[in-house]
Every structure is written in C-alpha cells, then in structure tokens.
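**Student:** The numbering used here puts the last residue of the sequence shown at 374; the count rises by one with no breaks.
Ideal Cβ placement from N, Cα and C applies to all residues, glycine included.
Below: one structure in structure tokens.
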Amino acid sequence: MTKIIITHHDMDHIGGLPDLLAASEGRIEVLAHEVSKPYIQGEIPTLKGKMLVQPSKVDVTLQDGDILPYGGGLQVIFTPGHTPDHICLYHQPSRTLISGDALTAQDGVLMPPNPDFTPDMDTALKSVAKLLDWDIATVITYHGGVCTERIKERLAEIAEGKN
Ligand SMILES: [Zn+2]
C-alpha cells in the first residue's frame, strides 16, 4: 500500500490530497499527526484560510517519536509553530531531515520558517532548537530545496533568532 505522510495542514501541502485519493481508488493510506487529523478531515477550519477543506480520511494517526518502518526507519518529530500540527520526518539510514515548512532554504543555506506564514514564531524556533538533538546530514525543505552544509550551526543560529 502506498503511503502519504502529511507534514501539516497548509493548503499547499494538502490541497491535492482529495484528488489523489480519488484517483488511487483506495490504494493510498494517509498518515498524519493527531493534531492534523481534524483539519485534513474537514472537521475544523484551517488555521490560515479559516475554511473547512474538502475532507480526506486520515488512516493512521502519528505521534511525536513514532518510528515508521518505511525506507529503513522514519522518525516523526513534532515541530509546531509554523502551524500547530507540524511534523518533521527524520530518515535514519541517510540522516536526512524532511523539514516541511519548519525550515526553509535559500541558495543552499538553511533559513528560518517564513515569518509571513508562521503565526507562532516563538514556538517554531523552539521546534528548531529541538532538532539540534538529531544528527542531520541533509535537510530537505519544501520551500527552498536541499541543504547539506553547516546544518547544526545554522539550526543553532536560527533557534537563537539569528537569521
Ligand atoms: Zn506551510
């Protein structure tokens, strides 16, 4: 069964989900954090658009610290702030962090979450500080691409509010 893991409920991350699920005819399972679930299922309004989305069923509810068996081990890290439901995923064999929107990148340099779309920056920066506990070789951001240089240093600077 194909899996889709949702990092958070912003529309540029879940907007295509209903059509994908319809086209897959039941062959895709949706995994999302427990805080994401009511947004994705159209039960509560989205944080930023203040609207109910077209519902998609969440099949598996994730929690902080869960280790999923996909790709040799994928750890769920709860990283609220950009949205209250945000998670990052850490691929253990390659030491790769899939950051969603908890981090961005610019010209290969790791950057903070976008302040224009991050209503709770204090919490978001605490989430960045939490990432210092992981041994990260590569970060894949959704907005800005891949970073492989000075990861730990940049995480520390961003967490301290230095851009
Ligand atoms: Zn987002």
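(1) Go through its chain and collect everything with a Cβ distance to T307's Cβ below 7 Å, but skip five positions before and after it.
(2) Among S247, T257 and V357, which one has its Cα closest to the Cα of D318?
(3) Check whether the Cβ atoms of D331 and G292 sit closer than 9 Å, and answer yes or no.
(4) At 4 residues or longer, what runs of the alpha helix (DSSP H) sit wholly inside the segment 285-350?
(5) Looking at the unbroken beta strand (DSSP E) that takes in E240, where does it start and where does it end?
(6) Measuring alpha carbon to alpha carbon, tell me which residue in K259, Y353 and Y281 is nearest L242.
(7) Where DSSP assigns a beta bridge to I216, which residues make up the other side?
(8) When a residue counts only if its C-beta is closer than 5 Å to some heavy atom of ligand 1, which residues count, in chain order?
(9) I need the boundaries of the beta strand (DSSP E) containing L273, first residue and last residue.
(10) Take T329 as the anchor and find which of L279, T290, K373 and Q274 has the nearest alpha-carbon.
(11) The alpha helix (DSSP H) with Y250 in it runs from where to where?
**Tutor:** Taking the definition as stated:
(1) The answer, listed in chain order, is A348, T349 and I351.
(2) Taking each of S247, T257 and V357 in turn and checking the Cα distance to D318, the smallest one comes out for V357.
(3) Yes.
(4) For the segment 285-350, whole alpha helix (DSSP H) runs of length 4 or above, ordered along the chain, are 332-341.
(5) Per DSSP, E240 belongs to the beta strand (DSSP E) from I239 to H244.
(6) Residue nearest to L242 within the set K259, Y353 and Y281 is Y281 (criterion: CA-CA distance).
(7) I216 is bridged to L242.
(8) Listed along the chain, these residues meet the criterion: D221 and D312.
(9) Counting along the chain, the beta strand (DSSP E) containing L273 begins and ends at V271 to L273.
(10) Distance check between T329 and each of L279, T290, K373 and Q274 places T290 closest, using alpha-carbon atoms only.
(11) In the DSSP annotation of this structure, the continuous segment of the alpha helix (DSSP H) that includes Y250 starts and ends at K248 to I251.
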